[in-house]
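Colleague: The structure under discussion is supplied below as C-alpha cells; questions concerning it will follow.
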Amino acid sequence: MNEEISQIVDKLTLEEKASLCSGDSWMSTEAIDRLDVPSINVSDGPHGVRIAEKSKVKKENKITTCFPTASAIASSWNRNLVREVGKALGRECRNLGVHVLLAPGINIKRTPLCGRNFEYYSEDPYLSGELGAAFVNGVQSQGVGTSLKHFACNNQETDRMLVSAEVEERPLREIYLAGFKRVVKGERPWTVMCSYNKLNGTYTSEHPYLLTEVLRDEWDFEGLVVSDWGAVNDRLKGLEAGLDLEMPGPSEANDRKIIEAVRSGRIEESVLDRAVERILRLVFKATNCAQEELEGGVDAQAHHELAKKVASESIVLLKNQNGLLPLDENNLSSLAVVGRMAKEPSLEGGGSSEVELSKVDTPLEEIKKTVDDKIQVSYAPGYPKSDRVDEEMAEEALETGKEADVVVLFAGLPRGIESEGYDRENMKLPEIQLELIQKISEVQSNTVVVLNNGSPVSTNAWIGNVPALLEGWLLGQAGGGAIADILFGKVNPSGKLAETFPVSLEDNPSHINFPGENGKVLYGEGLFVGYRYYDEKNIEPQFPFGYGLSYTSFDYSELNLDQKEMDDQEDLTVTVTVKNTGDLAGKETVQLYVGHEDPKLTRPPKELKSFKKVALKPGESKTVEFTLRGRDFSYYDPSREEWVVETGVYDILVGSSSRDIRAKSTFRLKSTRDFEKTLTKDNSLKEWLENEEARKLLKQIFPEGEGDRPEGTSEWMKNLPLKKLTSLSQGKITEEMIEELIESVQN
Ligand code: BGC
C-alpha cells in the first residue's frame, strides 16, 4: 500500500495535496476523483454513533444505540464489557458507512466540575488507559477506526479554546499522558484528535513536543492526527508540528496558506507530503475495511440488551443501611416512585456526543414491569422540569411517599447542567430536589435515592437521612431496566467509582487552581490528582475512588508475592484469594495499588497498577493473579528526561477500594541501571559528602578549624551549594580548588 500511496502523492498537484489537508464537509474528508481517492466519513462517539445533521452516512440504515456514557461504563471496571460496547459501535458504524468513530475520550477528571466529565472515564490514568484500550480494540476489530481524544490536557470546558494548561512535565507524563500512551502503544488507534487548549503556552494543535516528539518519536504512532473541530490556530505551524487533517472542512483559506508556504519555500513540500501520505493511508485503509462484508449485520435488540447489561454493571451501590436493598417484591405491598427523573431520565450529557434516541426504557416503566401486579406502584413527579418550586407537586409526592412501604426517589442533574462547552458551577443537586429528599426522608424511613448524573454531586447534607443510595449515572437508552434489576436484586451491584466523590468541592485538589485566570490554568496539584491527593492529605472523601458495595460480601486472604526481591527486568506475580462470604452470587473488582516506601522524588502514597473483576457464587473462592513488570514501579524523572525504576522497598496493596485495602505485602526491587547523580557545583556540601572520594578530597581543601571538618560542620553549612564555599570561606577555598575537585570526582 505504501508504494501505491507514494505513486498517488507523486501525481497529486500542490492544490490537490493542500485540499486533502482539510475535510470536505463537517464530517467527511476530501475526495480526489481524478485519482480515485474517495472521501471517508467520521462520526461522534463516544457512547453511541451520532449522525450529524449534514453527515453523508447511509441514514436509511440507521441503528444507533445509546450506551451508558463513559463515567458510567468506567464504573463497571470491566474491560470485556467496554470491548463489547466498542464492537457494537463498530458494527453500527459499518452499517451506516462511518469509517472513523470520534472516540474514546480519555481525558483525566481533574475537577468534578468539568462539563464533559460524563464523557471521560476516570481520575486515574491506568484505569482510563485500560478502558480506552479495550474500547479502541473493540471498535477497530470491526474494521472501523477510532480517534483517541482530546490530546491533551483538555480537563475543563471553561475557556477551552484558549486556555493554557500549565502542567509540569512529571504530572504531564505520569497523569495526563499515561493513558494516551497505553492506548497508542497497545492498540494503535487509527487517529488521535488534538485538543482545543494550549499546553504550557502552545496550542496542542501545533505542539511539536506533543504531536511529534512524544506521540510519534517515543510512542511510534503511525496514524493520523486530526484537529478537534475548529482547533487549528496557525495551520502552518500545525502542519510542521505533526497535525495532518484539519476538521471540519473545507478550510479554503488554510489550504491556500499551505500552497503559498510551499511555493515560497516557507515550508518544504516533504512536510506537506508527510501529512498527505497519512491522510491517504487512513482513507484507503478505511475504505478497504468497509468493503468487507459485515457478517451478521447489526442486531438492534442485542445492542439494546448489551446496553442494559453494561448499565447494570455500571450502577454503584453507595449506601445500603440494614440491607434495605434489594427490595423483596414478595414482602412489600406498596412502592412509591418519586421524582420526575424516574419517568424522564437524563440518559446522556449535552454536546457533540448526543445520540438520537429511538428507544428508551424508563426506570418507572421497568420497575412496574418487574413487580408486575405483585406490588402496588404509585408515582409522583415531585418536582417540575424547571427549578421552580411547585408546592402542590411536592405535597403530592409527600402524600404518596408517606403511605408506601418504600420510596424510590429519583434525583439528579437536569439536562443542560452537564455539557460540552461549559463547566458546572457547583456539585449541588437542584434546590427543589434537595428539599424533596429532605421532606420525604422525614416521613419515610425506607427511602432509596437513585442518582441520575454524569459526575459527582454532593450528598453530604442529606446522606445521613436516607438508608440507601444508588449512583445511577447517565445510563443510556436501556438504563431503566438495569436500575429495576438492581433495585429488586435480579442483578447484584458490582460497580465501583472510577473517581472520588469529595465531601465538598473545596476538598478537591484542583480547587484553588480552577478554572484559572488570564488565559492560564495552573495544574498546581501536580501529581496529586484524585485519590492521590486525598490519600496524601489524609482527607476523608464522601466516597473514595474504587468504592462500591454489593449485596454480598467478599473476604480477601493469602496475599502472596512470588519473589521478595527482584530486579526491574523480572516480573512479579501477585496472587490473592477472594471468597464470596454472603448468600448471593456477585462480582468483585480486586484492585492492586503500589506504594514506594522511600522514593528520591515525591510520589503519591499509592497508585493503581492493576485490577481484575471476578464473579463468585456464594461460598466460592478464587485465586486472582496479577503480573507486575518493572515499569509498573517507575516514575518520570524530569531531570533525566526519562522513566526510572529506583532501587527500594515497595508496597503491594490489594483491596476492594482505594480506602479499603484488605492485604498488604512488601518486596525489594533492584534497579538494573545506575542512577547515581553526577555531582556539580550546585549540589550541596551534604550531597558531596555522600561520595566517598569527594569526602576525602574535601577534607584536604577545607580550612583548618575546630571540630571534624567538613563532616562536622553545621547543618546550615552542609546545605550550601558547593560553589558558595568560595565566598563564604572568604577566599580560603578557591574556584580552582572546586573545579579540581569536580574534575577528580567526575573522572
Ligand atoms: C468535540 C469533539 C468532537 C468534535 C466533532 C468537538 O466540539 O470537542 O469531541 O469529536 O466536536 O463533533
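Our numbering numbers the first residue of the sequence shown as -19 and each following residue consecutively.
Beta carbons: idealized from backbone N, C-alpha and C, even for Gly.
Just so you know, these numbers come straight off a predicted model, no measurement behind them.
Could you pull the DSSP bridge partners for V318 from this structure?
Modeller: Taking the first residue of the sequence shown as 1, we reach residue 318 at position 338. Partner(s): A360, L389.
Colleague: Following the continuous alpha helix (DSSP H) through S80, name the residue where it begins and the one where it ends.
Modeller: Counting from 1 along the sequence shown, the entry for residue 80 is found at position 100. The sequence as given places Val at residue 80; Ser does not occur at that position. Here V80 belongs to no alpha helix (DSSP H); instead the beta strand (DSSP E) covers 80 to 82.
Colleague: Only counting runs of 3 or more residues, tell me where the beta strand (DSSP E) segments fall wholly within the region 219 to 269, in order along the chain.
Modeller: Runs found: none.
Colleague: In three-state terms, what does DSSP make of N493?
Modeller: By one-based count along the sequence shown, residue 493 stands at place 513. In the structure shown, N493 sits in a helix (DSSP, three-state: H, G or I).
Colleague: Taking just the CA atoms, how far does K161 sit from Q543?
Modeller: Here residue 543 refers to the residue found at position 563 of the sequence shown. Here residue 161 refers to the residue found at position 181 of the sequence shown. If I take the Cα positions, the gap works out to 29 angstroms.
Colleague: Closer than 5 angstroms from C-beta to any heavy atom of the ligand BGC: which residues, in chain order?
Modeller: With the cut-off at 5 angstroms, the residues found are D24, L82, D208, W209, S332.
Colleague: Assign W170 to one of two classes, buried (16 or more other C-beta atoms within 10 Å of its C-beta) or exposed (fewer than that).
Modeller: In the sequence shown, counting from the first residue as 1, residue 170 sits at position 190. Looking at its Cβ environment, which holds 16 or more other Cβ atoms inside 10 Å, W170 is buried.
Colleague: Straight-line CA distance for N488 to L454?
Modeller: In the sequence shown, the residue the question calls residue 488 occupies position 508. In the sequence shown, the residue the question calls residue 454 occupies position 474. Approximately 23 angstroms between the Cα atoms of the pair.
Colleague: In whole angstroms, what separates the C-alpha of D308 from that of F468?
Modeller: Indexing the sequence shown from 1 puts residue 308 at position 328. Indexing the sequence shown from 1 puts residue 468 at position 488. Rounded to whole angstroms, D308 to F468 spans 6 angstroms at the Cα level.
Colleague: Throw me the rounded Cβ distance for the D662 and K586 pair, which I believe falls under 8 angstroms.
Modeller: Within the sequence shown, the letter at position 682 stands for residue 662. Within the sequence shown, the letter at position 606 stands for residue 586. With 8 angstroms as the limit, D662 and K586 do not qualify as a contact, their Cβ atoms being about 33 angstroms apart.
Colleague: If the criterion is Cβ atoms closer than 8 angstroms, does the pair G319 and P48 meet it?
Modeller: Locating residue 319 in the sequence shown gives position 339, counting from the first residue. Locating residue 48 in the sequence shown gives position 68, counting from the first residue. Not in contact: G319 and P48 (Cβ atoms no closer than 8 angstroms).
Colleague: With C-beta atoms as the reference, is P473 less than 8 angstroms away from N302?
Modeller: As a position in the sequence shown, residue 473 is number 493, starting the count at 1. As a position in the sequence shown, residue 302 is number 322, starting the count at 1. Taking 8 angstroms as the Cβ cut-off, P473 and N302 do not qualify as a contacting pair.
Colleague: Rounded to whole angstroms, what's the CA-CA distance from M717 to T660? Just pull it up for me.
Modeller: Taking the sequence shown and counting its residues from 1, the one referred to as residue 717 is at position 737. Taking the sequence shown and counting its residues from 1, the one referred to as residue 660 is at position 680. Rounded to whole angstroms, M717 to T660 spans 13 angstroms at the Cα level.
Colleague: Using CA atoms only, rank isn't needed, just tell me which of T714, R611, K476, K349 is closest to A52.
Modeller: Here residue 52 refers to the residue found at position 72 of the sequence shown. Cα-wise, what sits closest to A52 is K476.
Colleague: For S294, which of Y101, R639, R168 has the nearest alpha-carbon?
Modeller: Along the sequence shown, read from residue 1 onward, the residue named residue 294 stands at position 314. Answer by Cα proximity: Y101.
Colleague: Does the Cβ of Q136 have 16 or more other Cβ atoms within 10 Å, making it buried, or fewer, making it exposed?
Modeller: Within the sequence shown, numbered from 1, the residue matching residue 136 stands at position 156. The residue in question, Q136, is buried, as its Cβ has 16 or more Cβ neighbours within 10 Å.
Colleague: Could you spell out where the alpha helix (DSSP H) holding G575 opens and where it closes?
Modeller: Position 595 of the sequence shown holds residue 575. From DSSP, G575 is part of no alpha helix (DSSP H) but of the beta strand (DSSP E) over 566 to 576.
Colleague: Contact defined as beta carbons within less than 8 angstroms: I believe L81 pairs with K38. What is the distance between those atoms, to the nearest angstrom?
Modeller: Walking along the sequence shown from the start, residue 81 turns up at place 101. Walking along the sequence shown from the start, residue 38 turns up at place 58. Between K38 and L81 the Cβ distance is about 15 angstroms, and since that is not below 8 angstroms, they are no contact.
Colleague: Just to confirm the assignment, what range does the alpha helix (DSSP H) spanning Y514 have?
Modeller: Counting from one through the sequence shown, the residue named residue 514 turns up at place 534. That run of the alpha helix (DSSP H) goes 511 to 517.
Colleague: By the three-class DSSP mapping on this structure, what secondary structure does E451 have?
Modeller: Residue mapping note: residue 451 aligns to position 471 of the sequence shown, counting from 1. Three-state result, E451: strand.
Colleague: Per DSSP, T557 is paired with what?
Modeller: Working through the sequence shown from its first residue, we reach residue 557 at position 577. T557 is bridged to S537, T603.
Colleague: List the DSSP bridge partners of E146.
Modeller: Taking the first residue of the sequence shown as 1, we reach residue 146 at position 166. L502, per the DSSP bridge assignment.
Colleague: Determine, using beta carbons only, whether F613 and E545 come nearer to each other than 8 angstroms.
Modeller: Counting from 1 along the sequence shown, the entry for residue 613 is found at position 633. Counting from 1 along the sequence shown, the entry for residue 545 is found at position 565. Result no, Cβ atoms of F613 and E545 do not sit closer than 8 angstroms.
Colleague: Using the Cβ count rule (16 or more neighbours within 10 Å means buried), how would you classify V296?
Modeller: The residue given as residue 296 occupies position 316 in the sequence shown. Per the 10 Å Cβ criterion, buried.
Colleague: Determine the DSSP secondary structure at N58, reduced to helix, strand or coil.
Modeller: Your numbering for residue 58 matches position 78 in the sequence shown. Three-state DSSP puts N58 in coil, outside helix and strand.
Colleague: Within 10 angstroms of its Cβ, does Q271 collect 16 or more other Cβ (buried), or is it exposed?
Modeller: Translated into positions along the sequence shown, residue 271 becomes position 291. By the 10 Å Cβ count, Q271 comes out exposed.
Colleague: Using the C-alpha atoms, what's the distance from R74 back to R96?
Modeller: Against the sequence shown, residue 96 aligns to sequence position 116. Against the sequence shown, residue 74 aligns to sequence position 94. So the alpha carbons of these two residues sit roughly 27 angstroms apart.
Colleague: Under the three-state reduction of DSSP, which class applies to H130: helix, strand or coil?
Modeller: Taking the first residue of the sequence shown as position 1, residue 130 is located at position 150. Three-state result, H130: strand.
Colleague: Is the number of C-beta pairs between the region 599 to 613 and the region 546 to 565 that are closer than 8 angstroms three or more?
Modeller: Yes, the region 599 to 613 is in contact with the region 546 to 565.
Colleague: Please name the residue, chosen from D465, V429, N433, that lies closest to I443 on a Cα-to-Cα basis.
Modeller: By 1-based counting over the sequence shown, the position of residue 443 is 463. Checked all of D465, V429, N433; the closest Cα to I443 is V429.
Colleague: Output the boundary residues of the alpha helix (DSSP H) element that contains F160.
Modeller: The residue you call residue 160 lines up with position 180 of the sequence shown. First-last of the alpha helix (DSSP H) with F160: 158 to 167.
Colleague: According to DSSP, is V(-11) helix, strand or coil?
Modeller: Within the sequence shown, numbered from 1, the residue matching residue -11 stands at position 9. V(-11): helix per DSSP, three-state reduction.
Colleague: According to DSSP, simplified to helix, strand and coil, what is R196?
Modeller: Sequence index remark: in the sequence shown, residue 196 carries index 216 (1-based). Helix.
Colleague: Taking the beta carbon of Q(-13) as the centre, do at least 16 other beta carbons fall within 10 Å, making it buried, or is it exposed?
Modeller: Taking the first residue of the sequence shown as 1, we reach residue -13 at position 7. By the neighbour-count rule (16 or more Cβ atoms within 10 Å), Q(-13) is not buried but exposed.
Colleague: Would you call G460 buried or exposed, if buried means 16 or more other Cβ atoms sit within 10 Å of its Cβ?
Modeller: Locating residue 460 in the sequence shown gives position 480, where the first residue counts as 1. Its Cβ being crowded by 16 or more others within 10 Å, G460 is buried.
Colleague: Using 8 angstroms as the threshold, is the region 27 to 34 in touch with the region 327 to 342, meaning 3 or more CB pairs across them?
Modeller: These segments touch.
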